[in-house]
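Numbering of the sequence shown is given in the numbering used here, commencing with residue 6 and proceeding in unit increments.
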Amino acid sequence: MGYHAFGQSPSFKTHMNPVIPGDHPDCTLTKIGKHFYTAGSSFNPTPVIYHSTDLVHWEAVAQPVSAEWVNYGDSPAGGCWGGQVVYRKGKYWYFFSRSNVMHFTTADDIRGTWSLPTAMSAPPGVPGLGYDNSIFIDDDSTWYLVVKNGRENNWIVQLGDNGQPQGAVYDLRWLNPAPTYPFSWAEGPVMWKYKGFYYYSFGLNVGGGQKVFRSATLTGDQNAWIEFGDFFNLSDPLAPEALFRNPNHNSATVMLDDSTHWVVHPLWRSANNNEWYGQGRQGLLNQVRYSANGKPTADYPTNVQRNAPLLPSSGIPWMVPHSDFFDSEKLNPEWSFLGQTPSSLSSLTKRSGWLTLSPKGRNPNTVIKNDGEHNYSLMTKLDFAAQSVTDQTGLWIFNGLQTLRAKLYSSVDSSGNKIVAFSYKTNTSQVNSPVAGGGTIVWLKLVRVNHVLTGYCSSNGYDWVQVGAALNVADMDGLQPDYNAWTGNRQGLFVQGKSADFDCYVYRDAYTPILTGYPANLYSRTGIYTMDDIRDREWVLYAGVEFGSTDYPREPSSVAISASSATAGGVVEVWLDSVDTGTKIAECPIGNTGSWSTFATFTVDLLAPVSGNHDVYLKFKGAASERLFSLQWLTFMDK
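Structure (structure tokens):
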């Protein structure tokens, strides 16, 4: 029986990193039955638990720490440090640190209501439980907190059934003693078990490096632990060209039924002088292999496609922000709040089908998602009656330090006239009277193309007016001081001064050109990404495309593709949700355009009706021995 019978699409057999684009620092990984969960540090944004059945496709399923928690705080680099979810004795537990104090929350259903945090007490002799810790559960269900507090304090602390330290305490302070600190910080420790041996792994520091030790017994005795050295394959010949470099702070490994082993780990995209550093430490997946003597080595995160775990995706789409039409009973867990936020400041019931968001007094309030890709088209429809220039609501993208903000918003000018403004730092443009008759409902669209943002407004969601000139935000996307408060950039909705109602949030609009140079995943004959040398049977993925709904009443009838070819060309097949096992909605022939630099637009009608939110795959067909075509963009057109 092939893997297709178990639900693995042919387009899911390989993957590119990252599998969680955008901020996912200090990530952990837990296997519970046939399900996988990852979480990590969130800092000032509230934390998210992600779920997967194949380790490649992830969905947000929980916000385990309520923004309403009075001790959450509201400052860059504050909030929740570390984070791991485990399942023990019929209950889900989420462990994290706040201000160097470990806490836990619990839930009977991971998608349900979580308790408020409970602070953990340090056992006698342990000078605090620190941060960036993890949980290890032994074969007999005994569980332990793997502790790091300061440079020299590494401990393994047994927990009781109530989640508090109780029982054995293993002292590993020999690992990184002062004053030499041989392993720098020896931070983010994780543990797992394989063939009866205990493995203990940790990062050197935020700059990179990961080490691993092994012991036949769980003990604090230094003589029992064997140092295996580097965890990642630093000798990979492709490592110097990697977009993501110097891996560390990885999760524990998990073993699948086929005896393969996998790890997730966070990493800044540091290539090209840290061009995309601002998007944070993104979530990567790599395979781990054991040598004959039991040493584990993880693949280096090079720029090539990797074989994916042989697991079913269960219909989970690629992890990008997804459209939200605010018609659910509670806010989708993809959304985070920023800092301590009373629940009274947001509502899905005050106006059915809308999100009502109220400011934090004189300060803005926001709901946010990761900002992890390089091309998208954010849209919202909002209802807002500004009365002063400080009353603002709309779309924004901001850095982890919360010092740089690109904003597209509805407001009024100093004379009280309605405007839509687009601003970044000292640059501000505006459109006067964006809605005929002075109405309060307006559509906004914010398009990213690499580091350039362009703002638009509309009275109906179809006819758009550009708001001033495009703005370059390369400094916000790039290297940030103070590690960008350890936090990646975010995008989302905001309100300031007065309450506002939002009818929708769209991440990638089907009717706005989707640049083909920025796929979320791909398969190529060489294993290396390129869109100007496309060959037969290759494919690419563009995730989270919104085609229309009741609140966004559009339905595509055709697709247009900008392409060039100096050969006989070929065919672009357009598939929804997966190649071959999904729904094919178009076959677009691409002919010879005269040269590789001469682009033409090729348009075909769709083969089937389309609505809702989908991952869009392009599969390429043509002569097996030649270059087929180059692509620039695709867009859908409605009736």
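Built from N, CA and C at the ideal position, the CB exists for glycine as well.
Under the criterion of beta carbons closer than 8 Å, F607 and I539 do not qualify as touching, at roughly 14 Å. L243 sits close to T307, with the two beta carbons spaced by under 8 Å. For L400 and Q496, the gap between their C-alpha atoms comes out near 7 Å. If only uninterrupted beta strand (DSSP E) runs of at least 3 residues are considered, those enclosed by the region 427-484 are 432-437, 446-454 and 457-463.
Contact annotation: N158 and G344 have beta-carbon atoms that are not nearer than 8 Å.
Between the region 471-483 and the region 354-371 there are fewer than three inter-stretch CB-CB distances shorter than 8 Å, so the stretches are not counted as touching. Of all C-beta pairs linking the region 80-100 to the region 32-40, three or more are shorter than 8 Å, placing the two stretches in contact. A contact between stretches requires three or more CB pairs, one per stretch, nearer than 8 Å, and the region 500-513 fails this requirement with the region 291-299. For Q392, the number of other beta carbons within 10 angstroms of its own is below 16, and it is reported as exposed. In this structure, V452 lies away from P26, with their beta-carbon atoms at least 8 Å apart. Annotated three-state conformation of L350 is helix, per DSSP. E560 and L360 have their C-alpha atoms roughly 24 Å apart. The region 480-513 contains, as complete beta strand (DSSP E) runs of 3+ residues, the segments 495-501 and 505-511 (chain order). Secondary-structure assignment with DSSP links V162 through a beta bridge to L150 and V174. Exclusion of the five residues before and after Q169 leaves M125 and S126 as the residues of its chain whose Cβ lies within less than 8 Å of its Cβ. Spatial neighbours of P364 in its own chain (CB-CB distance under 8 Å, excluding positions within 5 residues in sequence) are listed in chain order as L350, N370, V500, Q501, G502, K503 and S504.
Judged by their CB atoms, I424 and A411 are not nearer to each other than the 8 Å cut-off. With a contact defined as Cβ atoms closer than 8 Å, A303 and F236 qualify at about 6 Å.
Going by DSSP, A276 is part of no beta strand (DSSP E) but of the alpha helix (DSSP H) stretching over A276 to N279.
For the options H266, P486, D176 and F249, the alpha carbon positioned closest to that of P81 is the one of P486. Its chain contains F48 and A82 as the residues whose beta carbon lies nearer than 6 Å to that of W491, once the 5 sequence neighbours on both sides are disregarded; these appear in chain order.
In the structure shown, G344 adopts coil according to DSSP, grouped into three states. Looking from the CA of W469, the closest CA among L449, N455, L484 and H456 belongs to L449. The alpha-carbon of S319 is positioned some 9 Å away from that of H62.
Y461 sits close to V472, with the two beta carbons spaced by under 8 Å. Spatial neighbours of D166 in its own chain (CB-CB distance under 6 Å, excluding positions within 5 residues in sequence) are not present. When only Cα atoms are considered, F507 and S554 end up about 15 Å apart. The count of Cβ pairs closer than 8 Å, one atom from the region 272-280 and one from the region 176-192, stays below three, leaving the stretches out of contact.
Sixteen is the threshold: since fewer than 16 other Cβ atoms of the shown chains lie within 10 Å of the Cβ of W179, the residue is exposed.
The region 287-297 and the region 258-274 touch, with no fewer than 3 CB-CB distances between them shorter than 8 Å. Counting of Cβ neighbours within 10 angstroms places E232 among the exposed residues, the total staying below 16. Contact between N526 and Q284 is ruled out by a C-beta separation of about 17 Å, above the 8 Å threshold. Counting the other Cβ atoms within 10 Å of the Cβ of R219 gives 16 or more, which makes it buried. Among the bridge pairs identified by DSSP, A124 is matched with H108. Going by beta carbons, M642 and V511 fall outside the 8 Å limit.
Around the C-beta of N251, 16 or more other C-beta atoms lie within 10 Å, and the residue is accordingly described as buried.
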